[in-house]
Amino acid sequence: MHITRLIVVLPLLALAQFAAAAQMESFKTGPVFNDFGATAPVQQSQPVATDTVFKVTFDVGKSAEPDKLNRSIESAARFINMQVAAGVSLDNIHLAVVVHGGASLDLTNQAFFAANKDGQKNASATAIAQLQEKGVEFYLCGQSAAANGISNADMLPGVKMALSAMTAHALLQQQGYSINPF
6 MHITRLIVVL PLLALAQFAA AAQMESFKTG PVFNDFGATA PVQQSQPVAT
56 DTVFKVTFDV GKSAEPDKLN RSIESAARFI NMQVAAGVSL DNIHLAVVVH
106 GGASLDLTNQ AFFAANKDGQ KNASATAIAQ LQEKGVEFYL CGQSAAANGI
156 SNADMLPGVK MALSAMTAHA LLQQQGYSIN PF
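In terms of my numbering, the sequence shown is residues 6 to 187.
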């Protein structure tokens, strides 16, 4: 009885993996970030006007997996790549990434990161620098920084220290930013 189930289940699992891999083939990086931030083309029912202005914050609380770019930070690159590919001017895209909790170390320089992560490399640092070059602002929750012993000198260049993540979000909302729910 178990062998019969196994004979039926194994090919189905292989087919599901093949289908998932085929679906992911449509995801490509660019046009702004070519090393990360892959998106797929979509036939839209609600096209984005090319003159749309975006002001969006991303809330990042979960740390990156070891030796990997923080997926929530990569979402900012995906957002930019997606909108520019849809025809929106990069000048009309204003993003802020507010980092707190376990993700706080992802905004620290290599020396601090390695000292607190068993010598590992901060795999998010390069992407953060590239995002900053395109105008994305990064805010570290000061309360999370204090809880993790992070000083301003420990942060990556260009990262801003906020009183708290809650405060950063509130102030950005007053400036017309919406919070990305993902």
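Backbone N, C-alpha and C fix where the C-beta goes; we use that ideal spot for every residue, glycine too. Just so we're clear, the structure is a prediction, and the values are computed from it rather than from any experiment.
Quick test of your reading: residue i and residue j, contact by CB under 8 Å. State the CB separation rounded to the nearest angstrom.
| i | j | result |
| --- | --- | --- |
| Val53 | Val93 | 6 Å |
| Gly140 | Asn86 | Contact doesn't hold; Cβ gap of about 14 Å is too wide. |
| Leu177 | Thr62 | 5 Å |
Tell me whether the beta-carbon of residue i lies closer than 8 Å to the beta-carbon of residue j.
| i | j | result |
| --- | --- | --- |
| Leu145 | Val104 | yes |
| Asp159 | Thr131 | no |
| Ala173 | Ser149 | no |
| Ser129 | Ala69 | yes |
| Ala82 | Phe38 | yes |
| Leu110 | Lys122 | yes |
| Ala45 | Phe32 | yes |
| Gly66 | Gly106 | yes |
| Asn153 | Met166 | no |
| Gly163 | Phe187 | no |
Would the region 77-94 and the region 134-145 be scored as touching if the rule is three or more Cβ pairs under 8 Å?
-> Between the region 77-94 and the region 134-145 there are three or more C-beta pairs closer than 8 Å, enough to call the two in contact.
Is the region 171-185 touching the region 96-109 in the sense that three or more CB pairs, one from each, lie closer than 8 Å?
-> yes
Would you list, in sequence order, the uninterrupted alpha helix (DSSP H) runs of no fewer than 4 residues that lie entirely inside the region 19-97?
-> 76-90
Counting only runs of 4+ residues fully inside the region 100-176, write out the alpha helix (DSSP H) ranges in chain order.
-> 115-121, 130-138 and 147-152
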